[in-house]
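First the structure, in the form of C-alpha coordinates, and then the observations on it.
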Amino acid sequence: MKITIAQIDIADHQAEENSTKIINIIKANTQSDIILFPELALTGFPTSNEIQSAHSNAECAFHAVRQASSECQTKVLIGHIEEVNGNFYNSAFLLAHGQEHVIHRKAHLWLDDQGVFQRGDHSTLFAINQHQVGSQICFDLEFPEGSRALATAGAELILMPNGNMHPYENTHFILSQARAIENQVFVVTCNRVGQGHGGHFSGESLVVSPFGSLLLKMDSKEAIQTIELDMADVQRSRTDYQYITHQ
135 MKITIAQIDI
145 ADHQAEENST
155 KIINIIKANT
165 QSDIILFPEL
175 ALTGFPTSNE
185 IQSAHSNAEC
195 AFHAVRQASS
205 ECQTKVLIGH
215 IEEVNGNFYN
225 SAFLLAHGQE
235 HVIHRKAHLW
245 LDDQGVFQRG
255 DHSTLFAINQ
265 HQVGSQICFD
275 LEFPEGSRAL
285 ATAGAELILM
295 PNGNMHPYEN
305 THFILSQARA
315 IENQVFVVTC
325 NRVGQGHGGH
335 FSGESLVVSP
345 FGSLLLKMDS
355 KEAIQTIELD
365 MADVQRSRTD
375 YQYITHQ
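The numbering of the sequence shown is our numbering, which starts it at 135 and goes up by one.
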(Lines of atoms letter the chains of each structure in order from A and count residues from 1; the text may use other names and numbers.)
(Lines give C-alpha, C1' and ligand atoms only; values in the text may rest on other atoms or scores of the structure.)
Protein backbone atom coordinates (compact mmCIF):
# COMPACT_ATOMS: atom_id res chain seq x y z
CA MET A 1 0.00 0.00 0.00
CA LYS A 2 1.42 3.36 -1.03
CA ILE A 3 0.79 6.26 1.37
CA THR A 4 1.72 9.91 0.86
CA ILE A 5 2.18 11.97 4.04
CA ALA A 6 1.59 15.68 3.49
CA GLN A 7 3.36 17.36 6.42
CA ILE A 8 2.39 20.94 5.62
CA ASP A 9 2.52 24.42 7.12
CA ILE A 10 -1.10 25.50 7.62
CA ALA A 11 -2.06 29.17 7.58
CA ASP A 12 -4.60 29.76 10.35
CA HIS A 13 -7.96 31.10 9.10
CA GLN A 14 -6.81 30.98 5.46
CA ALA A 15 -8.90 28.14 4.03
CA GLU A 16 -8.52 29.16 0.39
CA GLU A 17 -4.74 29.41 0.66
CA ASN A 18 -4.55 26.06 2.41
CA SER A 19 -6.88 24.38 -0.08
CA THR A 20 -4.73 25.53 -3.02
CA LYS A 21 -1.71 23.84 -1.43
CA ILE A 22 -3.69 20.70 -0.63
CA ILE A 23 -5.14 20.43 -4.14
CA ASN A 24 -1.69 20.77 -5.69
CA ILE A 25 -0.45 17.93 -3.48
CA ILE A 26 -3.38 15.72 -4.49
CA LYS A 27 -2.75 16.36 -8.18
CA ALA A 28 0.96 15.56 -7.79
CA ASN A 29 0.45 12.25 -5.97
CA THR A 30 -2.18 10.38 -7.96
CA GLN A 31 -0.14 7.17 -7.90
CA SER A 32 -0.60 6.80 -4.14
CA ASP A 33 -3.39 4.74 -2.64
CA ILE A 34 -4.10 7.44 -0.06
CA ILE A 35 -2.81 10.89 0.87
CA LEU A 36 -2.85 11.82 4.56
CA PHE A 37 -3.14 15.46 5.69
CA PRO A 38 -2.92 16.99 9.21
CA GLU A 39 -5.64 17.81 11.72
CA LEU A 40 -7.88 20.77 10.73
CA ALA A 41 -5.81 21.20 7.58
CA LEU A 42 -8.01 23.89 6.01
CA THR A 43 -8.64 26.17 8.97
CA GLY A 44 -6.17 25.58 11.73
CA PHE A 45 -7.55 25.64 15.27
CA PRO A 46 -10.45 28.05 15.81
CA THR A 47 -11.58 29.41 19.17
CA SER A 48 -15.15 29.11 20.43
CA ASN A 49 -15.84 32.59 19.03
CA GLU A 50 -14.41 31.65 15.63
CA ILE A 51 -15.77 28.14 15.07
CA GLN A 52 -18.97 29.11 13.24
CA SER A 53 -17.24 31.50 10.83
CA ALA A 54 -14.27 29.15 10.38
CA HIS A 55 -16.59 26.36 9.29
CA SER A 56 -18.68 28.59 7.01
CA ASN A 57 -15.66 30.27 5.41
CA ALA A 58 -14.03 26.92 4.68
CA GLU A 59 -16.99 25.27 2.94
CA CYS A 60 -16.02 26.40 -0.57
CA ALA A 61 -12.41 25.39 0.04
CA PHE A 62 -13.47 21.96 1.30
CA HIS A 63 -15.70 21.50 -1.75
CA ALA A 64 -12.73 22.33 -4.01
CA VAL A 65 -10.57 19.73 -2.26
CA ARG A 66 -13.31 17.12 -2.58
CA GLN A 67 -13.65 17.95 -6.28
CA ALA A 68 -9.90 17.53 -6.78
CA SER A 69 -10.07 14.12 -5.13
CA SER A 70 -12.89 13.08 -7.48
CA GLU A 71 -10.61 13.54 -10.48
CA CYS A 72 -8.24 10.73 -9.46
CA GLN A 73 -8.38 7.26 -7.94
CA THR A 74 -6.34 8.29 -4.91
CA LYS A 75 -8.16 8.50 -1.59
CA VAL A 76 -7.62 11.46 0.74
CA LEU A 77 -7.85 11.52 4.54
CA ILE A 78 -7.99 15.05 5.90
CA GLY A 79 -8.80 16.71 9.20
CA HIS A 80 -11.63 19.22 8.98
CA ILE A 81 -14.48 20.80 10.95
CA GLU A 82 -17.77 18.87 10.85
CA GLU A 83 -21.08 20.53 11.75
CA VAL A 84 -24.06 18.45 12.89
CA ASN A 85 -27.24 20.19 14.09
CA GLY A 86 -25.31 23.21 15.32
CA ASN A 87 -22.62 21.17 17.05
CA PHE A 88 -19.06 21.03 15.76
CA TYR A 89 -16.69 18.08 15.68
CA ASN A 90 -12.98 17.84 14.98
CA SER A 91 -13.24 15.11 12.36
CA ALA A 92 -11.28 13.01 9.90
CA PHE A 93 -12.91 12.95 6.46
CA LEU A 94 -12.28 10.34 3.79
CA LEU A 95 -12.60 11.78 0.29
CA ALA A 96 -13.00 9.16 -2.43
CA HIS A 97 -14.65 9.18 -5.88
CA GLY A 98 -16.12 12.61 -5.23
CA GLN A 99 -17.80 11.52 -2.00
CA GLU A 100 -17.02 12.50 1.59
CA HIS A 101 -17.30 10.18 4.56
CA VAL A 102 -16.66 10.98 8.21
CA ILE A 103 -14.33 8.24 9.43
CA HIS A 104 -13.59 9.53 12.91
CA ARG A 105 -14.64 12.25 15.33
CA LYS A 106 -11.95 13.23 17.81
CA ALA A 107 -12.81 11.51 21.08
CA HIS A 108 -10.24 13.04 23.43
CA LEU A 109 -10.37 16.82 23.39
CA TRP A 110 -7.14 18.69 24.05
CA LEU A 111 -7.34 21.86 26.17
CA ASP A 112 -7.84 24.09 23.13
CA ASP A 113 -10.53 21.77 21.72
CA GLN A 114 -12.66 22.02 24.86
CA GLY A 115 -15.54 24.44 24.56
CA VAL A 116 -15.05 24.52 20.77
CA PHE A 117 -15.76 20.96 19.66
CA GLN A 118 -18.05 18.25 20.92
CA ARG A 119 -16.48 15.01 22.07
CA GLY A 120 -16.84 12.43 19.30
CA ASP A 121 -17.92 8.82 19.64
CA HIS A 122 -17.90 7.84 15.96
CA SER A 123 -15.13 5.79 14.39
CA THR A 124 -15.43 3.42 11.47
CA LEU A 125 -13.21 1.46 9.11
CA PHE A 126 -12.75 1.71 5.36
CA ALA A 127 -10.92 -0.45 2.86
CA ILE A 128 -7.84 0.17 0.73
CA ASN A 129 -6.91 -2.74 -1.53
CA GLN A 130 -8.87 -5.15 0.67
CA HIS A 131 -7.09 -3.95 3.82
CA GLN A 132 -9.05 -2.41 6.68
CA VAL A 133 -8.04 1.10 7.76
CA GLY A 134 -9.12 3.23 10.72
CA SER A 135 -8.34 6.72 11.96
CA GLN A 136 -7.78 8.67 15.14
CA ILE A 137 -6.82 12.32 15.64
CA CYS A 138 -3.82 13.69 17.55
CA PHE A 139 -4.61 13.55 21.31
CA ASP A 140 -6.54 10.30 20.77
CA LEU A 141 -3.12 8.67 20.25
CA GLU A 142 -2.34 9.11 23.94
CA PHE A 143 -5.14 6.80 25.10
CA PRO A 144 -4.94 3.08 24.23
CA GLU A 145 -8.64 2.22 24.12
CA GLY A 146 -9.44 3.80 20.76
CA SER A 147 -6.72 2.08 18.78
CA ARG A 148 -7.52 -1.22 20.50
CA ALA A 149 -11.17 -0.87 19.45
CA LEU A 150 -10.11 -0.26 15.85
CA ALA A 151 -7.76 -3.25 15.87
CA THR A 152 -10.42 -5.46 17.44
CA ALA A 153 -12.80 -4.39 14.66
CA GLY A 154 -10.24 -5.52 12.08
CA ALA A 155 -8.01 -2.52 11.38
CA GLU A 156 -4.58 -3.30 9.95
CA LEU A 157 -3.56 0.34 9.61
CA ILE A 158 -4.40 3.41 11.72
CA LEU A 159 -3.98 6.84 10.12
CA MET A 160 -3.70 9.86 12.40
CA PRO A 161 -4.08 13.49 11.29
CA ASN A 162 -2.10 15.42 13.92
CA GLY A 163 -1.70 18.94 15.23
CA ASN A 164 1.00 18.16 17.77
CA MET A 165 2.92 21.09 19.27
CA HIS A 166 6.29 21.48 20.95
CA PRO A 167 7.21 20.20 23.57
CA TYR A 168 5.16 17.00 23.04
CA GLU A 169 7.21 15.49 20.23
CA ASN A 170 8.59 12.65 22.34
CA THR A 171 5.15 11.73 23.65
CA HIS A 172 3.90 11.02 20.14
CA PHE A 173 7.19 9.39 19.13
CA ILE A 174 6.91 6.84 21.94
CA LEU A 175 3.16 6.30 21.88
CA SER A 176 2.94 5.81 18.11
CA GLN A 177 5.28 2.86 18.56
CA ALA A 178 3.31 1.62 21.57
CA ARG A 179 -0.02 1.72 19.71
CA ALA A 180 1.53 -0.15 16.76
CA ILE A 181 3.13 -2.84 18.93
CA GLU A 182 0.22 -3.49 21.29
CA ASN A 183 -2.26 -3.80 18.39
CA GLN A 184 0.09 -5.28 15.77
CA VAL A 185 -0.94 -2.73 13.17
CA PHE A 186 0.75 -0.04 11.10
CA VAL A 187 0.46 3.45 12.61
CA VAL A 188 0.97 6.52 10.41
CA THR A 189 0.82 10.07 11.77
CA CYS A 190 0.76 13.29 9.75
CA ASN A 191 1.54 16.43 11.73
CA ARG A 192 1.62 20.06 10.66
CA VAL A 193 4.67 22.31 10.91
CA GLY A 194 5.41 26.00 11.48
CA GLN A 195 4.00 28.66 13.76
CA GLY A 196 0.30 28.93 14.46
CA HIS A 197 -2.36 29.11 17.15
CA GLY A 198 0.14 30.66 19.55
CA GLY A 199 2.66 27.83 19.36
CA HIS A 200 5.05 25.81 17.22
CA PHE A 201 3.88 22.68 15.42
CA SER A 202 6.68 20.16 15.52
CA GLY A 203 6.19 17.99 12.44
CA GLU A 204 8.04 14.69 12.94
CA SER A 205 5.32 12.64 11.22
CA LEU A 206 5.86 8.92 11.72
CA VAL A 207 5.37 5.55 10.09
CA VAL A 208 5.62 2.58 12.47
CA SER A 209 5.36 -1.10 11.54
CA PRO A 210 3.31 -3.72 13.43
CA PHE A 211 6.61 -4.86 14.97
CA GLY A 212 7.23 -1.35 16.31
CA SER A 213 9.98 -0.63 13.79
CA LEU A 214 10.34 3.01 12.80
CA LEU A 215 9.97 3.06 9.02
CA LEU A 216 9.91 6.84 8.64
CA LYS A 217 10.45 9.88 10.86
CA MET A 218 10.15 13.23 9.14
CA ASP A 219 11.86 16.38 10.39
CA SER A 220 10.32 19.69 11.44
CA LYS A 221 10.04 21.25 7.96
CA GLU A 222 7.25 21.15 5.40
CA ALA A 223 7.66 18.06 3.25
CA ILE A 224 5.71 15.51 1.23
CA GLN A 225 6.89 11.93 1.51
CA THR A 226 5.56 8.70 0.06
CA ILE A 227 6.18 5.28 1.55
CA GLU A 228 5.04 1.81 0.50
CA LEU A 229 3.86 -0.51 3.25
CA ASP A 230 4.12 -4.28 3.06
CA MET A 231 0.73 -5.10 4.55
CA ALA A 232 1.75 -8.76 4.95
CA ASP A 233 3.76 -7.55 7.96
CA VAL A 234 0.50 -7.38 9.92
CA GLN A 235 -0.02 -11.14 9.69
CA ARG A 236 3.69 -11.81 10.15
CA SER A 237 3.59 -9.89 13.43
CA ARG A 238 0.65 -12.04 14.56
CA THR A 239 2.13 -15.41 13.61
CA ASP A 240 3.10 -16.56 17.10
CA TYR A 241 0.55 -14.62 19.18
CA GLN A 242 -2.02 -11.86 18.89
CA TYR A 243 -2.18 -9.22 21.59
CA ILE A 244 -5.80 -8.38 20.79
CA THR A 245 -7.00 -11.92 21.52
CA HIS A 246 -4.43 -13.08 24.10
CA GLN A 247 -5.82 -13.90 27.53
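Ideal placement from N, C-alpha and C gives every residue a C-beta, glycine not left out.
Alpha-carbon spacing of residue i relative to residue j, whole angstroms
i	j	result
tyrosine 377	glutamine 318	7 Å
aspartate 374	valine 368	12 Å
histidine 256	cysteine 272	15 Å
methionine 135	glutamate 362	5 Å
glutamate 205	histidine 380	44 Å
isoleucine 122	threonine 154	Nothing can be reported for residue 122: it is not among the residues displayed for the chain, which extend from 135 to 381.
aspartate 247	isoleucine 144	17 Å
serine 347	glutamine 311	8 Å
aspartate 111	asparagine 183	What is shown of the chain runs 135 to 381, which leaves residue 111 out entirely.
leucine 211	phenylalanine 227	6 Å
proline 344	alanine 149	35 Å
serine 269	glutamate 356	22 Å
asparagine 296	asparagine 224	11 Å
threonine 208	asparagine 221	30 Å
leucine 293	histidine 300	21 Å
glycine 333	proline 180	14 Å
arginine 200	histidine 214	12 Å
arginine 313	glutamine 141	21 Å
phenylalanine 320	isoleucine 139	14 Å
serine 203	valine 267	18 Å
DSSP-derived helix/strand/coil call for residue i
i	result
histidine 242	coil
leucine 229	strand
leucine 350	strand
alanine 145	coil
glutamine 381	With a pLDDT of 49 at glutamine 381, under the threshold of 50, the modelled position of this residue cannot be trusted; read the value that follows with caution. In the structure shown, glutamine 381 sits in coil (DSSP, three-state: anything other than H, G, I, E or B).
leucine 211	strand
leucine 275	helix
alanine 357	strand
glutamate 173	coil
glutamate 234	strand
Delimiting residues of the alpha helix (DSSP H) encompassing residue i
i	result
glutamate 279	278-287
threonine 373	Segment: none, threonine 373 is in no alpha helix (DSSP H) and carries neither H nor E.
glutamine 186	185-204
serine 153	149-162
Strand pairing of residue i, partner residues [DSSP]
i	result
proline 295	Cys324
alanine 334	Residue identity check: residue 334 is histidine in the sequence provided, not alanine. BP columns for histidine 334 point to Gln329.
asparagine 221	Val218
glycine 249	In DSSP, glycine 249 forms no bridge with anything.
glutamine 266	Ala261
leucine 340	Lys351
glutamate 362	Lys136
histidine 256	Note: histidine 256 sits in no beta bridge, so no partner.
Residue interval of the beta strand (DSSP E) (run including residue i)
i	result
isoleucine 308	Element bounds for isoleucine 308: not the beta strand (DSSP E) but the alpha helix (DSSP H), 303-317.
glutamine 141	136-141
phenylalanine 260	260-262
glutamine 165	Per DSSP, glutamine 165 belongs to no beta strand (DSSP E) and is neither H nor E.
- Message: Can you confirm whether the stretch 184-192 touches the stretch 284-292 when touching is taken to mean that 3 or more C-beta pairs between the two stretches lie within less than 8 Å?
- Response: These segments do not touch.
- Taking one C-beta from the stretch 335-355 and one from the stretch 301-314 each time, how about it: are there three or more such pairs within less than 8 Å? Yes, since at least three Cβ pairs between the stretch 335-355 and the stretch 301-314 fall closer than 8 Å, the two stretches touch.
- Are at least three pairs of beta-carbons, each pair with one atom in the stretch 238-245 and one in the stretch 254-268, less than 8 Å apart? Enough Cβ pairs lie closer than 8 Å, so yes.
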